[in-house]
RNA sequence: GCCUCUGUGGCCAAGUUGGUUAAGGCAGCGGACUUUUAAUCCGACGAUCGUGGGUUCGACCCCCACCGGAGGCACCA
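In my numbering, the protein residues as written are 7 to 533.
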């Protein structure tokens, strides 16, 4: 830019002339400079936002193939690469850049001698953050850095806003979540976490596919609430003049598919629960649910071990993870213990759903836990487990045989009527997965639904409805089946060893941002 | 919803017994430099200290309210 005063002069036509907006004009000064540059480019016939660029390869494969060549080597091999310019080091008649795409980074060696003074000068006007395409020979510099000796280049997209500090990155967590695109650009850890996530999900799909499971999609908008106990989001469907629930679980539609003969199905999908946000909860989160006919919960124990350990290996190359200073191995087999035994072991008390209610209440009182009148012995037992046991279990553990009372969709235990055939997987003190032998007796299922509906009518917003169509489906006959649910976000938290669920969700739920106004986006002279 | 902490230029970040022009770094701008690796060196610029009130001779600093964020509690996976 020949006139360095231009961007600073308030008489430039970059912003509204109102005095009140002086501060916003200052704030936009880097933007204003870049908008001016866009104008210059257009004036000289250069499109700052062209349509496509033909690449010969991603950057990663180039590194893989040539990364070991000796310092000073010129290969004679010409490549065409594209990416974001992450760094630029000008050095007189020589400029070094760092070009990055999703697969890697490579240095650009840009010299006035090769490009000519004018085209070289244009390159130096690129900003960190711009997208560029380059063509040039693969070489290694005197210091041995693999580089592309740029013989031609083109701007692919001009960035109007500057990237955060090239060394410190973006530290403000609010900005990291709101502007994940910036976080992903400058914070390698953010990229690492999401690579972990997608590798894990990919591995889960692969294992299930190899086992003959079919991936399906079921409705998110539901007329009834069911499949779990949770407060739902309610929305309104205008065309039918109906309030609908966003799903809180995937369970009931998938089991209808078992009735229909799709005997191995799974869905990986978003579910919504109208509850608080904290380090382990986001109102929308991702569940895997899978159902396998002719299997029971024992088969699900084997399946969940394989799914989780495969995901770990795919994401990290190992089943070992370091969680808050403790090494945890996800390799099967995991410990298997009944809920009643584990309570005895951890808390030192004997409590089970076959006890008299008065006795279980006395146990809770003795432990300093509160109980409600509506709770039976099973719920009391579960309470001890939830409050005093779960958070103490670090190693992957299958906790099986839950009280019947707290599991309305699970099949009664084949040898103990006070229990159901259900298990949860605990890792690092948190529930990671949940599975049953699925209840397929329509008469019993209806009775359990009716209990729930009574609770809902009595004011419990987390209880579900009587889903008569689901009962009707069961009356056509659902094969015996094992079902498994895994909280994908929780799994990724473990695999990536992060403490907040927001770190594993690309765009976590946040309150609305204030202070972002049209004035922050004045178009300047370019439109 | 409640409690605690927190909010300083595009980014990172100093700044309490409240005291005149609010450190420094990165980025950006001007200049030098053909082998750099967060390049380096020189120079000039950039902030109504989240918002609105209040206390005070004087507020980034103390008080109140509001907005955003973090952690914890409650609820849940």
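We put the beta carbon where it would ideally sit given N, CA and C, even for glycine.
Cβ neighbour criterion (16 or more within 10 Å) applied to residue i
i	result
residue 179	exposed
residue 424	buried
residue 523	exposed
residue 501	buried
residue 419	buried
residue 29	Low local confidence applies: a pLDDT of 33 at residue 29 is under 50, so the model's placement there is unreliable, with the coordinate-based value given in what follows. Exposed, by the Cβ-count rule.
residue 413	buried
residue 383	buried
residue 376	exposed
residue 446	buried
residue 388	buried
residue 246	exposed
residue 355	exposed
residue 298	buried
residue 131	exposed
residue 374	exposed
residue 257	buried
residue 42	buried
residue 155	buried
Helix, strand or coil at residue i according to DSSP, with G and I counted as helix
i	result
residue 212	helix
residue 63	coil
residue 316	helix
residue 345	helix
residue 430	strand
residue 443	strand
residue 450	helix
residue 420	coil
residue 461	helix
residue 57	coil
residue 491	strand
residue 88	strand
residue 243	strand
residue 285	coil
residue 274	strand
residue 256	coil
residue 45	helix
residue 222	coil
residue 384	helix
residue 179	helix
residue 103	strand
residue 360	coil
residue 263	helix
residue 237	coil
residue 95	strand
Contact under 8 Å by Cβ, residue i with residue j
i	j	result
residue 348	residue 434	no
residue 440	residue 430	yes
residue 280	residue 250	no
residue 307	residue 342	yes
residue 416	residue 442	yes
residue 456	residue 480	no
residue 121	residue 104	no
residue 129	residue 173	no
residue 216	residue 272	no
residue 300	residue 486	yes
residue 437	residue 488	no
residue 69	residue 89	no
residue 312	residue 336	no
residue 162	residue 56	yes
residue 432	residue 403	yes
residue 169	residue 138	no
residue 252	residue 226	yes
residue 203	residue 516	no
residue 492	residue 288	no
residue 111	residue 65	yes
residue 63	residue 114	no
- Query: Which full runs of the beta strand (DSSP E) of 3+ residues lie inside the segment 107-170, going along the chain?
  - Reply: 110-117, 137-146, 152-163
- Starting from the N-terminal side, write out each stretch of the beta strand (DSSP E) that is 3 residues or longer and does not extend beyond the segment 288-342. Within the segment 288-342, the complete beta strand (DSSP E) runs of at least 3 residues are 290-299, 326-329, 332-335.
- Item | Three CB pairs or more closer than 8 Å across the segment 85-98 and the segment 140-151 | yes
- Is the number of C-beta pairs between the segment 490-509 and the segment 285-297 that are closer than 8 Å three or more? yes
- Examine the Cβ distances between the segment 470-477 and the segment 216-231 and report whether three or more of them are shorter than 8 Å. yes
- Contact between the segment 97-105 and the segment 40-53 (3+ Cβ pairs under 8 Å): The answer is no - the segment 40-53 does not touch the segment 97-105, with fewer than three Cβ pairs under 8 Å.
- Query: Is the segment 362-379 touching the segment 396-404, taking contact as three or more C-beta pairs under 8 Å?
  - Reply: no
- Segment contact, 8 Å Cβ cut-off, at least three pairs: the segment 314-327 with the segment 207-220: yes
- Can you check the segment 471-521 for any alpha helix (DSSP H) of at least 4 residues that lies completely inside it and give the ranges in chain order? 474-481, 494-502
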